[in-house]
Amino acid sequence: MIGFAHGAWTPFLLAPSSRQEKLRDEVRKLRAVSKQVPNVRQPLVVNGDSTGNRTLCVRGSRAWIALNMSAGSAAISGGGEMPAPPQPKKSKRVTLLGILFLFVTFSWALVLFAVMTAMYPLVRLLDDKRRRFHDNVAILWAKLSMASVFCVPRVLGRENLPLPDQSAIYVANHQSFTDIYSMAWLDRRMKFVSKIEILRIPIIGWAMSYCKHVALRRGDRRAQVEAYRAMLNSLRDGNSLAIYPEGTRSVTGRMRKFQSGAFKASISTGVPIVPVTIVGTRELMPPEAYLPVRYPPDGITLIVHPMIYPEGKSEQELNTLAFREINSGLPEVLQAGSSSSSSTSSSS
Numbered sequence: 590m591i592g593f594a595h596g597a598w599t600p601f602l603l604a605p606s607s608r609q610e611k612l613r614d615e616v617r618k619l620r621a622v623s624k625q626v627p628n629v630r631q632p633l634v635v636n637g638d639s640t641g642n643r644t645l646c647v648r649g650s651r652a653w654i655a656l657n658m659s660a661g662s663a664a665i666s667g668g669g670e671m672p673a674p675p676q677p678k679k680s681k682r683v684t685l686l687g688i689l690f691l692f693v694t695f696s697w698a699l700v701l702f703a704v705m706t707a708m709y710p711l712v713r714l715l716d717d718k719r720r721r722f723h724d725n726v727a728i729l730w731a732k733l734s735m736a737s738v739f740c741v742p743r744v745l746g747r748e749n750l751p752l753p754d755q756s757a758i759y760v761a762n763h764q765s766f767t768d769i770y771s772m773a774w775l776d777r778r779m780k781f782v783s784k785i786e787i788l789r790i791p792i793i794g795w796a797m798s799y800c801k802h803v804a805l806r807r808g809d810r811r812a813q814v815e816a817y818r819a820m821l822n823s824l825r826d827g828n829s830l831a832i833y834p835e836g837t838r839s840v841t842g843r844m845r846k847f848q849s850g851a852f853k854a855s856i857s858t859g860v861p862i863v864p865v866t867i868v869g870t871r872e873l874m875p876p877e878a879y880l881p882v883r884y885p886p887d888g889i890t891l892i893v894h895p896m897i898y899p900e901g902k903s904e905q906e907l908n909t910l911a912f913r914e915i916n917s918g919l920p921e922v923l924q925a926g927s928s929s930s931s932s933t934s935s936s937s
């Protein structure tokens, strides 16, 4: 019976090794199909789930095409965020913009890091809890880095910003490493909650340590609790925080489900949430790129939404309100629940 099995039942009747070979054959066929999709920038990749299904994704410039293969058959559906999209491989493509940005950002970092180092003992003595001088130098560095390559974000909704010395938790969507640079154009001092690997970058990471940014070690429960305590202490010292509640950069541009840390901290300290939508940084430096690759066609825009106060609200309510505000500022094609998103299959 096994020898005569055909069609959709074949994967269940073949031995495991034969089943794997069958899967490889179908992947090769689908790779050939992917080459016919216009504007495809990323090759076909395979992502497995706990049920034994295989999700094959082709990333294009306008949409994802999900090829969901279960029991030997494939169903094609366009658009939408995959529930667990594969992490893209880092692109080795180098452009003149990327080389120039790398040069200017490290050049400015060297100069300004020397200033920060010279002033460090005095700042520790006079302003150890807030280190406002170092924050101002960091803002200057980020602005000079972007302006030197003629990339100046515009800010909409400045009237929604808190006063310069008012503590707040800025929450934003996360599409690119350059989101950190772009936030400097809000002209507000803030401590970033950043993965610890960023703080290990020579010069840049050392400067972030001078500013007392909060380091987060992923996958370490004890370290995460310590980072949360550091967040609360920083807010109580009068600082503002910048948090990307998705926890990682979005591959597709659509927002992921928000994690709860920022909203718990808001309720615990009474500090308001400031939702910020960032648009355009994904085109400047996609998640799979090591360096900026091209100028965004419509530039970079930061949209500041009205503050959300925690009084009388639950953690989930804060989460939902912040997500809704940030999502509303994204282009319609990238908004969660948009028509293009709702047309996705059950995999989205």
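Taking the working numbering, the leading residue of the sequence shown gets 590, the next gets one more, and so forth.
Ideal Cβ positions, reconstructed from N, Cα and C, are used throughout, including at glycine.
Three-state secondary structure assigned by DSSP to residue i
i    : result
Y817 : helix
V882 : coil
Y770 : helix
K853 : helix
A831 : strand
L733 : helix
V865 : strand
Y799 : helix
V955 : Outside the displayed span of the chain (590 to 937) sits residue 955, for which this structure offers no information.
V782 : strand
Y759 : strand
I792 : coil
Q848 : coil
E906 : helix
Q689 : According to the sequence shown, residue 689 is Leu rather than Gln. Helix at L689.
D754 : coil
V574 : Here the chain comprises residues numbered 590 to 937, so residue 574 is not present and cannot be evaluated.
R777 : coil
T694 : helix
V704 : helix
R811 : helix
V629 : Residue confidence is low: V629 scores 42 on pLDDT, short of 50, so the model does not pin down where it sits. Its coordinate-derived value is still stated next. In this structure, V629 counts as strand in the three-state DSSP scheme.
D614 : helix
V683 : coil
S765 : coil
E877 : coil
V712 : helix
S823 : helix
S839 : coil
R871 : helix
R913 : helix
R721 : helix
Cβ neighbours of residue i in the same chain (closer than 8 angstroms, five flanking residues each side left out)
i    : result
P753 : D776, R777 and R778
Q924 : R843, N916, S917 and S930
Residues near residue i in its chain [Cβ-Cβ closer than 6 angstroms; skip 5 each side]
i    : result
A851 : I758, V760, I832 and P834
Q848 : P834 and G836
V868 : T890
F912 : F847
K718 : D826
L686 : P881
Proximal residues to residue i (C-beta, below 7 angstroms), its chain only, five neighbours per side dropped
i    : result
Y709 : Y799
T870 : Q764, S765, T767, D768, S771 and I889
T684 : V882 and R883
V741 : M735
W697 : W730, L733 and S734
D887 : G869
H723 : M705, V712, Y799 and C800
R838 : H763, Q764, S765 and P876
Cβ distance (whole Å) where residue i is taken to contact residue j below 8 angstroms
i    : j    : result
S829 : S783 : So it is not a contact: roughly 14 angstroms between Cβ atoms.
L891 : V744 : 5 angstroms
I915 : N749 : Contact doesn't hold; Cβ gap of about 13 angstroms is too wide.
L699 : L729 : The Cβ separation is near 14 angstroms, so there is no contact.
L805 : A816 : 5 angstroms
E877 : P885 : That belief does not hold up - the Cβ atoms of E877 and P885 are roughly 16 angstroms apart, past 8 angstroms.
V893 : V860 : Actually they do not touch by this definition, with Cβ atoms about 16 angstroms apart.
F695 : I785 : No, F695 and I785 are not in contact; Cβ-Cβ is about 20 angstroms, not under 8 angstroms.
Identified DSSP bridge partners for residue i
i    : result
I535 : Past the edges of the chain, shown from 590 to 937, lies residue 535, and the structure says nothing about it.
A804 : S783
I728 : I728 pairs with nothing; no bridge assigned.
P897 : For the sequence presented, residue 897 should be read as Ile rather than Pro. I897 is bridged to I862.
Cβ of residue i within 8 angstroms of any chain C Cβ
i    : result
L830 : Checking the listed chains, one finds no chain C in this structure; it contains a single protein chain.
Does the stretch 905–914 come into contact with the stretch 872–886, if we say contact requires no fewer than three beta-carbon pairs (one atom in each stretch) closer than 8 angstroms?
no
Between the stretch 684–698 and the stretch 722–740, are three or more C-beta pairs nearer than 8 angstroms?
yes
Are the stretch 787–805 and the stretch 697–706 touching by the rule of at least three beta carbon pairs closer than 8 angstroms?
yes
Any chance the stretch 851–862 sits against the stretch 814–830, with 3 or more Cβ pairs inside 8 angstroms?
yes
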